[in-house]
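Novice: If you read the protein sequences in the order shown, they are chains Z and R.
Throughout the first sequence, residue numbering follows the working numbering, covering 2 to 114 in sequence.
Throughout the second sequence, residue numbering follows the working numbering, covering 2 to 115 in sequence.
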Amino acid sequence: SQKIEQNSEALNIQEGKTATLTCNYTNYSPAYLQWYRQDPGRGPVFLLLIRENEKEKRKERLKVTFDTTLKQSLFHITASQPADSATYLCALGRGGSARQLTFGSGTQLTVLP
Amino acid sequence: EAGVAQSPRYKIIEKRQSVAFWCNPISGHATLYWYQQILGQGPKLLIQFQNNGVVDDSQLPKDRFSAERLKGVDSTLKIQPAKLEDSAGYLCASTVGGGMETQYFGPGTRLLVL
């Protein structure tokens with residue numbers, strides 16, 4: 002069956018450092034992969050999308066890589082700030098006319114001042 | 002542009018009672034999704050609508066859950082009767098459709114079944 006695994010434990014890092022979150026998947030061939038941010042009591046907010054034929058995407062302090070051979074995506078936040086503290090969700094996208102996402106369980110990131 | 006609206010934000014009911022959640026997607030968004038999110042887990046798709054038609058309801062527990070989107074705009078998700086294990090967040094999301102992948106989520110409804 003399909004399985005998506007994110008960092009198994011919460012991640013604590015010091016302000017100013019780079020946070021790296023992992024997303025590994027099995028038994029899945031996604032057309033694209035997305036990262037979302039979720040704050041307590043709120044719905045997820047879209048951050049970045051990367052397609053199966055792309056290796057890397059950047060947006061401001063965010064960078065995502067996608068290795069379809071390793072079946073892995075890495076999500077980086079550079080120069081992290083306490084405001085980056087949240088849960089980050091990896092979501093794999095199925096192509097075709099019915100665009101659907103399958104979410105991982107998320108990684109809780111805490112940036113310490 | 003207004004975001005996805007959901008109500009109520011919180012609901013506490015006893016088991017075997019019924020409950021309904023409402024969602025109003027972003028104006029013009031043809032595709033609407035309902036997700037269930039258990040604490041500590043990622044959202045799990047329950048049902049997907051394209052306009053007022055169901056695209057996928059394969060993960061909807063149809064013995065107790067139902068959903069409709071009659072006029073292709075707002076949608077209602079109902080649970081009847083509720084079980085303890087239905088305690089979770091219920092998220093509504095929408096997309097423009099036509100192959101666009103980014104989903105816009107509402108704030109969700111937190112349900113507690115006692």
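Beta carbons are placed, not taken as given, at the ideal position from N, Cα and C, and that holds for glycine.
Would the stretch 21 to 38 of chain R and the stretch 89 to 105 of chain R be scored as touching if the rule is three or more Cβ pairs under 8 Å?
Specialist: The stretch 21 to 38 of chain R is in contact with the stretch 89 to 105 of chain R.
Novice: From Z:SER86 to R:ILE48, what distance separates their C-alpha atoms?
Specialist: Near 30 Å, if we compare the C-alpha coordinates of R:ILE48 and Z:SER86.
Novice: Out of R:TYR36, R:TRP35, R:ILE14 and R:ALA83, state which residue places its alpha-carbon closest to the alpha-carbon of R:ARG65.
Specialist: Here the closest residue by C-alpha is R:ALA83.
Novice: Please confirm whether R:GLN42 has its beta-carbon closer than 7 Å to some beta-carbon of chain Z.
Specialist: Answer yes: the Cβ-Cβ gap between R:GLN42 and chain Z drops below 7 Å somewhere.
Novice: Which residues, taken in chain order from the stretch 46 to 64 of chain R, show a beta carbon closer than 7 Å to some beta carbon of chain B?
Specialist: Protein chains in the displayed structure are Z and R, and chain B is not among them.
Novice: Exposed or buried, Z:PRO114, counting other C-beta atoms within 10 Å across all chains shown (16 or more means buried)?
Specialist: With fewer than 16 Cβ atoms within 10 Å of its Cβ, Z:PRO114 is classed as exposed.
Novice: Quick one, which residues of the stretch 49 to 76 of chain Z are near chain R if we go by CB-CB under 8 Å, in chain order?
Specialist: Within the stretch 49 to 76 of chain Z, the qualifying residues are LEU50.
Novice: Assuming Z:TYR33 and Z:GLU57 are in contact, meaning their beta carbons sit under 8 Å apart, how far apart are those beta carbons, in whole angstroms?
Specialist: The pair is not a contact, with the Cβ atoms about 14 Å apart (cut-off 8 Å).
Novice: What residues from chain Z crowd round R:GLY109, counting only those whose CB sits closer than 9 Å?
Specialist: Those within 9 Å of R:GLY109 in chain Z are GLY42, ARG43 and GLY44.
Novice: What does a CB cutoff of less than 7 Å around Z:LEU48 pick up in its chain, not counting 5 residues either side in sequence?
Specialist: The answer, listed in chain order, is TRP36, TYR37, ARG38 and LEU63.
Novice: On a Cα-Cα basis, can you pick out the residue from Z:ALA11, Z:GLN3 and Z:ILE5 that is closest to Z:THR108?
Specialist: Closest option to Z:THR108, Cα to Cα, is Z:ALA11.
Novice: DSSP on Z:ALA84, reduced to helix/strand/coil?
Specialist: If DSSP states are grouped into helix, strand and coil, Z:ALA84 belongs with the helices.
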